[in-house]
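Residue 7 is where the sequence shown starts when you use the working numbering, and the numbers rise one by one after that.
We treat Cβ as the ideally placed atom computed from N, Cα and C, and that holds for glycine.
Small disclaimer: the values here were computed from a predicted structure and weren't measured.
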Amino acid sequence: MRRSGFNKLSGWVEAVKVIGVPGLHFHDLRHTGNMIAADSGAGLKDLMARMGHDNVRAAVIYQHAVRGADKLITEAIDKHLIGHERARDEDDDDPPGLLVPTG
């Protein structure tokens, strides 16, 4: 069934207007369900089975999105660099801009 046929037959457009979320697509529900599944700790195989996919690409995207890996990596890098900056500031003998080991 095509989207236009589904929307007309199901009354989807009117229903989402009534609940106050015009523009909500039926596929958004699938996306939300997969995000919740990934957030619950579902593995790649579980996500692939839920989505009906035989390729890990989409499952990896959902897992990556909920794991916050980018944020954690960025915070670790920031913490590391801030530690080097503080060490440099405390040691006046080093030329400006030189990173010094902190540990």
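Proximity below 8 Å, CB of residue 72 to CB of residue 45: yes
Segments of 4+ residues assigned as alpha helix (DSSP H) that fall wholly inside the region 26–101: 32–45, 50–57, 63–73 and 75–96
Element boundaries [alpha helix (DSSP H), containing residue 11]: 9–16
Candidates 10, 57 and 25, of which the one nearest residue 38 by Cα: 57
Residue 18 to residue 26 span [Cα, whole Å]: 12 Å
Own chain partners of residue 65 with C-beta closer than 6 Å, once the 5 adjacent residues on each side are dropped: 50, 53 and 54
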